[in-house]
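Under mature numbering (1 follows the signal peptide of the UniProt record, and there is no 0), residues -22 to -1, 1 to 551 are what the sequence shown spells out, in order.
Note that CB positions come from ideal geometry on N, CA and C, so glycine has one too.
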Amino acid sequence: MKQLLKVSLAFGAALTALSANAQTPAVQINGLGSSALFLETGLAASSTSSGLGGTCVWSSTGSTAGSIAVATDTSTGGSLTDSGQSWVAWTPSSLPASATTCSDANVTSATKVWAYLQTDSVVGDRCLFNANKTTGAQCSIAYPTAGVAPANLILPAGSEFALPPKVATALSNSVVNAAGTDIRPEDAAFAAARSTFPGGCGTAMGTGANAQYLGLGYNNGDNISSFFSTSTFHVVNFTLPSVYSVTPIGATPILVVVNGDSTGFNNPSSPVNNISSDALAKFLDGRNSFTGQALATPVASGAAVTALIREPLSGTYNTMEFNVPNTTVEQTSQDVGLNQPATQRDCNPVGVGLNPMNIMTASGGHRRRAIGTGQELSEVLDTTNNGTNTLGYGFWSVANFKGFTSALAPNAKYLTVDTIDPLLTNSATHTGVIPTTGSADLAHVTLSHVQDGTYPIWSLLRLVTVDTTATANAVALSNAAQAFVSSGTSTSRPDFVTANRLTVVRSHFLPPATGVGEPPLASIANGHVGNITSSNCTAPEAGGDVGGQVFTLAADSTFCSTNGPNGETEHRR
């Protein structure tokens, strides 16, 4: 009788397990990373026309208790968490999507799921690689399982639905399989290595050409703090795996934005509408701090400027850092640079006002640390804390700059850099007005000077994966996201230049001191993503490219025809 009971119990447990597995949805993408990819990937996953069909959508602001998705990294021995806005898309049991067809009761093994947690590029790469270590996962993402209501960040109110517990549980139990990033994994690894480089703050990371790159003095597991809130950024080193794939989505510029008054950036007799790379580098490293120093003929007069500096492991920070201040010409930095005045170096942990960064400049203004794109851009408009003349930056997208309407930000504008407009084709039409949804200005956004590479501060948006199944899913999501890019109307989404329209490539290089996982120097290759029918540069893309010199695809192909398949590598701005 006891044996029969044991058999019955075992059979019942097996049936229960089979029933549970039969209801477990199929996770396609469980990703995290750059804010620049948040909206477009969410729209792409939720579209029926894309072929993905995740028309059931839930989103979260990441700030309401009980509805927060959390990434947890245990690689330092403790548990370091990152959270932010998130979305989940899943296929309904039948069309159209509704509270019924998207409900937990209708989630089955046929349900497909895509999800994305907005953190940062480096966090995304680090969590992806740590989650897939051969020695065991050291990063995971947990989603709320209480069936919480949506925040309507992707679709309008009434079109999003509560997150089904089965979907949330499936995501929480699945391995992180994608990272959204605006810099290559090699550049992300360099950012982490630079932050924790042995020898202390200001130690050169190499010799020769690499001597200009200085360590920042943090220890693995330290926090970088925001001046404006309790937000922190975890400094966590990581190594690259031997195999990973990078799927391009498109290229987008960083906008330099200012908020000004009539004595400063918006002085009617000498308004600032353009800034040179040299002047911008000096605002970012602390040598410039008066609005007059942004003029074509710089003068140390005008209003005091507060410059807002992102965290040094941010993809946005690194794109700005190595295209403007930390080039081979300027050799300075937003934090610790070779030509930066000692009084402006943010040498952690020595000195008052360094973590969080709050360093006074000659004008009486400051350089202050912001964590995340949202905080950086909102603080540009914060005249109470930062004065009436501020300078900041962020990757362009309609969503990122939605708060810069004429009503909410009447004194804000974006600047051309080296007279090149990041958004418009003809800089003669430049007014500095930041295009927002519903405005006539949005219809004129072409990103043509990103497409041709003449605007200096831009980077490719990418999805990084480590296995063939996830790579195939990332390619499908990338293609769908590119289909959402549009232009020419006041309701367009001209967020980036789709990868197949690019006519240029950045020179790739081997970043210094990044350790395990970096490709050998001989295999560094530019790869050819873009609008070229055929190319002689056939070697697979490898190496960092943030701050690489820009070559046309045609010129690089010509170089490869006589010099081998890798392209013009090892050329930095």
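1. May I ask which residues mark the beginning and end of the beta strand (DSSP E) holding S38?
2. Tell me, to the nearest whole angstrom, how far the beta carbon of W436 is from that of A229; I am working on the premise that it is less than 8 Å.
3. Could you tell me which whole beta strand (DSSP E) segments of length 3 or greater appear in the segment 411 to 454?
4. Do H408 and D399 count as a contact pair if the criterion is CB distance below 8 Å?
5. Just to confirm, is the Cβ distance from L262 to I287 under 8 Å?
6. Three Cβ pairs or more, each shorter than 8 Å: is that satisfied between the segment 167 to 179 and the segment 60 to 76?
7. When the Cβ atoms of the segment 113 to 133 are set against those of the segment 153 to 160, are three or more pairs found closer than 8 Å?
8. Pull up the CB-CB distance for N244 and N336, whole angstroms please, since I reckon it's below 8 Å.
9. Taking the alpha-carbon positions, what's the T269 to T159 distance?
10. Assuming S204 and A348 are in contact, meaning their beta carbons sit under 8 Å apart, how far apart are those beta carbons, in whole angstroms?
11. So, with DSSP's three-state summary, where would you put L58?
12. For V524 versus F300, is the C-beta distance shorter than 8 Å?
13. To the nearest angstrom, how far is the alpha carbon of N215 from that of G416?
14. Mind reading off the beta-carbon distance from V482 to D419? Whole number of angstroms is fine, and I expect it under 8 Å.
15. If C80 and G195 are in contact, beta carbons under 8 Å, what's the gap, nearest whole angstrom?
16. Between V91 and A148, is the Cβ-Cβ spacing less than 8 Å?
17. Could you tell me whether the segment 120 to 134 touches the segment 42 to 55, where touching means 3 or more Cβ pairs closer than 8 Å?
18. Look at the Cβ atom of A75, then the Cβ atom of I7, and state whether they are nearer than 8 Å.
19. Assuming contact is defined by CB atoms lying nearer than 8 Å, are S64 and Q96 in contact in what I supplied?
20. DSSP on H549, reduced to helix/strand/coil?
21. Looking only at C-alpha atoms, which of A14, N363, H422, T530 sits nearest to residue 557?
22. With M183 as the anchor, note down where its beta strand (DSSP E) starts and where it stops.
23. What number of angstroms, rounded off, separates the C-alpha of T447 from the C-alpha of V5?
24. Given E357, which residues of its chain have a CB within under 8 Å of its CB, disregarding the five upstream and five downstream residues?
25. Please state the DSSP three-state secondary structure of F16.
26. Would T310 and N317 be called neighbours here (beta carbons separated by less than 8 Å)?
27. For S87, is the classification buried or exposed, using 16 other Cβ atoms within 10 angstroms of its Cβ as the cut-off for buried?
28. Would you say T225 and S485 are within 8 Å of each other, going by their C-beta atoms?
29. Could you tell me the boundaries of the beta strand (DSSP E) in which F201 lies?
30. Find out if the Cβ-Cβ distance for the pair G264, P319 is shorter than 8 Å.
31. Output needed for L(-19): all residues of its chain with C-beta closer than 7 Å, excluding positions within five of it in sequence on either side, in chain order.
32. Among the residues of its own chain, which have a CB less than 8 Å from the CB of D534, if the five just before and after it don't count?
33. Look up I398 in the DSSP assignment and give the residues it is bridged to.
Inspection of the coordinates gives the following:
1. Element bounds for S38: 34 to 38.
2. Confirmed, Cβ separation roughly 5 Å.
3. Runs of the beta strand (DSSP E) inside the segment 411 to 454: 436 to 443.
4. In this structure, H408 lies closer than 8 Å to D399 by Cβ.
5. It is a contact, given that the beta carbons lie within the stated cut-off.
6. Using a Cβ-Cβ distance cut-off of 8 Å, the segment 167 to 179 and the segment 60 to 76 are not in contact, since fewer than three pairs of beta carbons, one from each stretch, lie closer than that value.
7. At 8 Å Cβ cutoff, the stretches touch.
8. So it is not a contact: roughly 25 Å between Cβ atoms.
9. As the crow flies, the alpha-carbon of T269 is around 33 Å from that of T159.
10. The pair is a contact, with the Cβ atoms about 6 Å apart (cut-off 8 Å).
11. Here DSSP, grouped into helix, strand and coil, assigns L58 to strand.
12. Going by C-beta atoms, V524 is nearer than 8 Å to F300.
13. Spanning the two alpha carbons is a distance of roughly 43 Å.
14. For a cut-off of 8 Å, the C-beta gap from V482 to D419 is around 26 Å, too long to register as a contact.
15. With a Cβ gap of about 49 Å, C80 and G195 do not count as contacting.
16. In terms of Cβ geometry, V91 and A148 form a close pair [threshold 8 Å].
17. Yes, the segment 120 to 134 is in contact with the segment 42 to 55.
18. No, they are not a contact pair.
19. Taking 8 Å as the Cβ cut-off, S64 and Q96 qualify as a contacting pair.
20. DSSP places H549 in coil when its eight states are reduced to three.
21. One cannot answer for residue 557 here, as it falls past the ends of the chain, which runs -22 to 551.
22. Here M183 belongs to no beta strand (DSSP E), and DSSP marks it neither H nor E.
23. Just so you know, the alpha carbons of T447 and V5 end up roughly 11 Å apart.
24. Here E357 has F206, L286, R346, A348, N363, N364, T368, G370 as same chain residues with Cβ atoms under 8 Å from its own Cβ, once five neighbours each way along the sequence are excluded.
25. Correct three-state label for F16: helix.
26. Yes.
27. Label assigned to S87: exposed.
28. Cβ distance not < 8 Å, so T225 and S485 don't count as in contact.
29. In the sequence on display, residue 201 carries Asn and not Phe. For N201, the enclosing beta strand (DSSP E) covers residues 201 to 203.
30. In this structure, G264 lies near P319, with their beta-carbon atoms less than 8 Å apart.
31. Low per-residue confidence applies at L(-19): pLDDT is 41, beneath 50, and the placement is therefore not dependable, though the value from the model is reported in the following sentence. Closer than 7 Å at Cβ, skipping near neighbours: no residue.
32. Within the same chain, D534 has close Cβ partners V483, N504, H506, S513, C515, G545, E546.
33. In DSSP, I398 forms a bridge with V395.
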